[in-house]
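Visitor:
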Amino acid sequence: MKKNITKVLLNLLCIVLAIIIVAPLAWILLNSFKTNKELFKDSLAFPEVWQFANYVKAWNLGLYKYFGNSLFVSVLSLCGILASSSFLAYGLTRFRAKGSNIIFIIVLGGMALSEQVALVPLYKILRTLKIYDTYWAVILPYIAFRIPFTVFLMRAYFISIPVELEEAAVVDGYNSLQIFMKIILPISKPIFASCAIVNLNFVWNEFLFANVFLNNKALQTIPIGLMTFKGDLKVDYTTTLAGLMIASAPLIILFICMSRQFVRGLTSGAVKG
0 MKKNITKVLL NLLCIVLAII IVAPLAWILL NSFKTNKELF KDSLAFPEVW QFANYVKAWN
60 LGLYKYFGNS LFVSVLSLCG ILASSSFLAY GLTRFRAKGS NIIFIIVLGG MALSEQVALV
120 PLYKILRTLK IYDTYWAVIL PYIAFRIPFT VFLMRAYFIS IPVELEEAAV VDGYNSLQIF
180 MKIILPISKP IFASCAIVNL NFVWNEFLFA NVFLNNKALQ TIPIGLMTFK GDLKVDYTTT
240 LAGLMIASAP LIILFICMSR QFVRGLTSGA VKG
């Protein structure tokens, strides 16, 4: 009886949490098909006429440019984060060199560094390197700030992989790079999926660095681009909500497609190492 009651309560809690998460998204989706008049009249009612033109308007207002910039920055940042973090995490778990634990602690120390604290030094560094107001001005900081957490997850997952698999590969004549590419990568899809979704969520929605390091409108990403929908005297709220839905769609679709791998990767990384 106690187990059944606990199970029911947990299910109710999950339902409540799901409602809390889904309700705002449903509200945005519903009102993105309305006129501004209908939005202020009753934001919970269905629209009299579904305004699909709001999405076309949002796209034509320049959202397509910001979408393309975000896609370019996200792909390069994600490739850099996953590649550098996976090599570092694998090296820390397999190559028992002196000081490897110290290196791991130093890497984890990056998780304690606030983006706001590093803003001024980064600005000066980017100016000195002459990459300020370029794509690299945000791509490189994104990679640097996401490596510590990604290494933490990947290292925990790699520890759970039996060493015997690699020993057998060594007998077959594989070197370390071949072992990593042909054995470790194929069986590490869950953790790569988890890290990809978590990091993409950060990069896609990041505002501070993009706002400070990108002044050229032709380079700005979606979080900055959505601000341009706000005029000096008037705001087209329904078009802005349509823009928010367009901006959220890639992450939602990616999570739905990779949800199983995402959960497996996070749970494995949470209990190992």
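Position 115, counted from 1, in the sequence shown is what numbering that gives the first Met the number 0 calls 114; the numbers after and before it change by one each time, with no gaps.
Note that beta-carbon positions come from the ideal geometry of N, C-alpha and C, so glycine has one too.
Just so you know, these numbers come straight off a predicted model, no measurement behind them.
1) When the Cβ atoms of the region 144–157 are set against those of the region 107–126, are three or more pairs found closer than 8 Å?
2) May I have a chain-ordered list of the alpha helix (DSSP H) segments no shorter than 4 residues that lie completely inside the region 69–116?
3) By the 10 Å Cβ neighbour count, where 16 or more other Cβ atoms means buried, how is K33 classified, buried or exposed?
4) How should R126 be labelled, buried or exposed, when 16 other C-beta atoms within 10 angstroms of its C-beta is the threshold for buried?
5) If we count Cβ pairs, one from each stretch, closer than 8 Å, do we get three or more for the region 15–22 versus the region 193–210?
6) Going by DSSP, what residues sit across from V234 in a beta bridge?
7) On a CA-only basis, which of S73, F157 and Y63 is nearest L91? Give me that one, please.
8) Helix or strand or just coil, what does DSSP make of G272?
9) Quick check on DSSP: helix, strand or coil for V170?
10) Measure the Cβ-Cβ separation of A195 and L77 and say whether it is below 8 Å.
11) With a Cβ-Cβ cutoff of 8 Å, do L152 and S193 count as a contact?
12) I need the DSSP call for I142, collapsed to helix, strand or coil.
13) Less than 8 Å separating the beta-carbons of G242 and F228?
14) Specify the secondary structure class of K2 as computed by DSSP and reduced to three states.
15) Cα-Cα, which of L75, W49, P189 and P120 is closest to R259?
16) Just curious, the alpha helix (DSSP H) that W203 is in, first and last residue?
17) In or out: Q278 buried (at least 16 other Cβ within 10 Å) or exposed?
18) What are the start and end residues of the alpha helix (DSSP H) that includes F212?
19) Go ahead and pull the three-state DSSP assignment for P222.
20) In three-state terms, what does DSSP make of Q286?
Guide: Taking the geometry as given:
1) yes
2) 99–108
3) buried
4) exposed
5) no
6) K229
7) F157
8) Any reading at G272 is ruled out, since the residue's pLDDT is 44, under 50, leaving its predicted position unreliable.
9) helix
10) yes
11) yes
12) helix
13) yes
14) helix
15) P189
16) K188 to N204
17) Past the edges of the chain, shown from 0 to 272, lies residue 278, and the structure says nothing about it.
18) L207 to F212
19) helix
20) Given that the chain is displayed from residue 0 to residue 272, the structure contains no residue 286 and the question cannot be resolved.
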